[in-house]
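Below is one structure, written out as structure tokens; the observations come after it.
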Amino acid sequence: MAGKNKSMITSDDILGKEAIDPEGEFLGVVMKLHIDREHKTLTGITIDQGFMKPDLFVGLEHIKRFGLDAIFLNKIPFEKYKGIKVFTWDGILVGTVARVDHDGGTIRMIAIKDNQSDPEAPGLMRKATIHELSPRYIQEIGDSLILKKNTPSLWNKQEQKTAEDPSSRTPG
Amino acid sequence: MHYLSNEPEKISGLSFWRILGRRVFSRSGTPCGRVIGIRFKHVKVLDVTILYNRWTLVRIHSSMIQNLEDMQKNSFMILNVDPFYILMNRTVFDHNGQRMGRVRKIKRSGYDNSIDSILVKDGFFSKSWTIPWQDVAVHKKSIILKEDAAASEQNPSADYSEDPEKQEENN
Numbered sequence: 000m001a002g003k004n005k006s007m008i009t010s011d012d013i014l015g016k017e018a019i020d021p022e023g024e025f026l027g028v029v030m031k032l033h034i035d036r037e038h039k040t041l042t043g044i045t046i047d048q049g050f051m052k053p054d055l056f057v058g059l060e061h062i063k064r065f066g067l068d069a070i071f072l073n074k075i076p077f078e079k080y081k082g083i084k085v086f087t088w089d090g091i092l093v094g095t096v097a098r099v100d101h102d103g104g105t106i107r108m109i110a111i112k113d114n115q116s117d118p119e120a121p122g123l124m125r126k127a128t129i130h131e132l133s134p135r136y137i138q139e140i141g142d143s144l145i146l147k148k149n150t151p152s153l154w155n156k157q158e159q160k161t162a163e164d165p166s167s168r169t170p171g
Numbered sequence: 000m001h002y003l004s005n006e007p008e009k010i011s012g013l014s015f016w017r018i019l020g021r022r023v024f025s026r027s028g029t030p031c032g033r034v035i036g037i038r039f040k041h042v043k044v045l046d047v048t049i050l051y052n053r054w055t056l057v058r059i060h061s062s063m064i065q066n067l068e069d070m071q072k073n074s075f076m077i078l079n080v081d082p083f084y085i086l087m088n089r090t091v092f093d094h095n096g097q098r099m100g101r102v103r104k105i106k107r108s109g110y111d112n113s114i115d116s117i118l119v120k121d122g123f124f125s126k127s128w129t130i131p132w133q134d135v136a137v138h139k140k141s142i143i144l145k146e147d148a149a150a151s152e153q154n155p156s157a158d159y160s161e162d163p164e165k166q167e168e169n170n
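Put into structure tokens, the structure is as follows:
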């Protein structure tokens, strides 16, 4: 057999390595390699995200580099934002992210699970409601989601509708 | 409680004790500690003292607090910066994906949020590296260095020089 080429790596160099997204967040550990049986090429990897989290398949096109100690991805898996806290501009906790709809590269809509829809109801009797919010109201998203100052109240549908549709605003 | 004021209505506001112990989040929503003190100059809030990770005490100027004016009874404090000290102990990778260690020290020249360099060290007996801040490409959950920064790794006199304090000790 020929000597090992420096640009070639083996499965041992990939399996068990940390997967890091473009924001530098540790997503999990690589546990599987997927190989196309017909074309005999690597198609992707599976990342073990840990206890109670589903395994994440990452296609080869989303892998930036197979590093020595870590594997860098070139795309943020938006699913990682599920469950993070949502704050208004002035720091009030309004709920958590329930779902993120995206078209590959950009977020289209964020669903926020809100526990404050009926502030009059006692704690355990409160029903959680899901509000869909446009990404243009996002000031920053990271460990938590912070909304912009002009974001309409999540529980005020009329206010939200007016903000979404400028034609419905009354002049003056 | 009796109320004495020249204003016709009660002025809404927050008392010092309501703000004390309140959680603080950075611009990107990272927890940054809790408020343990507030300094005033005349009647204006000058800065807020924050306790982070049990040991780190930081004073943050009121201009770096996003919602100081709009704080409500149940709101958290949100900064308009990602403060430098949350980078402590974050893992550092070079552009090849090689783990270099963790951030042990952050060097700054002034009192603002800008960083000059970081000191990276892995274990007790391992090498330490001083990395200029301009060589950092990503600094969120981990720190990833730029490609050209890693290229100068082999040159000890360039960016990836060993910790200068240690070099002086050796000499």
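Just so you know, the protein sequences line up as chains A and B, in that order. The first sequence begins at 0 in numbering that gives the first Met the number 0 and counts up one residue at a time. The second sequence begins at 0 in numbering that gives the first Met the number 0 and counts up one residue at a time. For glycine and all other residues, C-beta sits at the position ideal for the given N, C-alpha and C.
| query | result |
| --- | --- |
| Would a check of beta-carbon distances place Lys84 of chain A closer than 9 Å to chain B? | yes |
| Quick one: residues in its chain with C-beta nearer than 7 Å to the C-beta of Ser156 of chain B, no 5 flanking neighbours on either side, listed in chain order? | Residue placement at Ser156 of chain B is poorly supported in this model, since its pLDDT is 39, which falls under 50; the coordinates are not used for a value here. |
| Terminal residues of the continuous alpha helix (DSSP H) containing Ile18 of chain B? | Phe15 to Ile18 |
| In three-state terms, what does DSSP make of Arg53 of chain B? | coil |
| Which residues mark the beginning and the end of the beta strand (DSSP E) in which Gln138 of chain A is found? | Ile137 to Ile140 |
| Report the residue from A:Leu67, A:His38 and A:Val28 whose alpha carbon sits nearest the alpha carbon of Lys5 of chain A. | A:Leu67 |
| Nearest-angstrom Cα distance between Ile143 of chain B and Ile64 of chain B? | 28 Å |
| Rounded to a whole number of angstroms, what is the C-alpha to C-alpha distance between Pro82 of chain B and Leu32 of chain A? | 39 Å |
| Starting from the Cα of Ile140 of chain A, find the closest Cα among A:Ser152, A:His130 and A:Thr105 and give me that residue. | A:Thr105 |
| Nearest by alpha-carbon distance to Leu26 of chain A: which of A:Phe71, A:Ile137 and A:Thr87 is it? | A:Phe71 |
| Hey, Ser152 of chain A and Lys84 of chain A: beta-carbon distance below 9 Å or not? | no |
| Would Glu8 of chain B be called buried (16 or more neighbouring beta carbons within 10 Å of its own) or exposed? | exposed |
| Exposed or buried, which one is Pro53 of chain A when buried takes at least 16 other CB atoms within 10 Å? | exposed |
| I'd like the list of long-range same chain contacts for Phe24 of chain B, defined as Cβ closer than 8 Å, with 5 residues on each side in sequence excluded. | Pro30, Cys31, Phe75, Met76, Ile77 and Leu78 |
| Taking the CB atoms as reference points, tell me whether Ile111 of chain A and Thr95 of chain A lie closer together than 9 Å. | yes |
| Is it right to say Val42 of chain B is buried, meaning 16 or more other beta carbons lie within 10 angstroms of its own, or is it exposed? | exposed |
| Within the 9 Å Cβ cut-off, does Ser11 of chain B reach chain A? | no |
| Can you find a C-beta in chain B that's less than 9 Å from the C-beta of Arg135 of chain A? | no |
| Would you decide whether Arg36 of chain A is buried or exposed? Buried here means 16 or more other CB atoms lie within 10 Å of its CB. | exposed |
| Can you find a CB in chain A that lies within less than 9 Å of the CB of Lys145 of chain B? | no |
| Identify the contact partners of Asp69 of chain B in chain A, using a Cβ-Cβ distance below 7 Å as the criterion. | Asp89 |
| Can you find a C-beta in chain A that's less than 9 Å from the C-beta of Ile142 of chain B? | yes |
| Identify which residue in A:Asp20, A:Thr9 and A:Val93 has its Cα closest to the Cα of Lys174 of chain A. | With chain A running from 0 to 171 in the structure shown, residue 174 of chain A is simply not present. |
| Within the continuous beta strand (DSSP E) that includes His1 of chain B, where are the two ends? | No beta strand (DSSP E) contains His1 of chain B, which DSSP labels as neither H nor E. |
| Counting only C-beta atoms, is Pro82 of chain B closer than 9 Å to chain A at any point? | no |
| Since I believe Leu59 of chain A is in contact with Leu41 of chain A (beta carbons under 8 Å), could you give me their beta-carbon distance rounded to a whole number of angstroms? | 6 Å |
| Enumerate in chain order the residues of its own chain whose CB-to-CB distance from Pro163 of chain B is below 8 Å, with the five nearest sequence positions on each side excluded. | Annotation note: pLDDT 48 at Pro163 of chain B (below 50); position unreliable, coordinate value reported separately. Correct list, in chain order: Thr129. |
| So is Glu17 of chain A buried or exposed if we call it buried at 16+ other beta carbons inside 10 Å? | buried |
| What span of residues does the beta strand (DSSP E) with Pro151 of chain A cover, start to end? | No beta strand (DSSP E) contains Pro151 of chain A, which DSSP labels as neither H nor E. |
| Taking Tyr51 of chain B as the reference, which of B:Val44, B:Ile59 and B:Lys140 has the closest Cα? | B:Ile59 |
| In this structure, what does DSSP give as the bridge partners for Asp35 of chain A? | A:Thr40 |
| Under 6 Å Cβ to Cβ from Gly20 of chain B, same chain only, skipping five residues before and after it: list those, please. | Arg33 |
| Excluding the 5 residues flanking Val93 of chain A on each side, which residues of the same chain have their C-beta closer than 8 Å to its C-beta? | Val85, Phe86, Thr87, Ile111, Asp113, Gln115, Leu146 and Leu153 |
| Report yes if the CB atom of Gly23 of chain A is closer than 9 Å to the CB atom of His138 of chain B, and no otherwise. | yes |
| Name, please, each residue of chain B whose Cβ falls closer than 8 Å to the Cβ of Gly27 of chain A. | None at all; the shortest Cβ gap to chain B is about 13 Å. |
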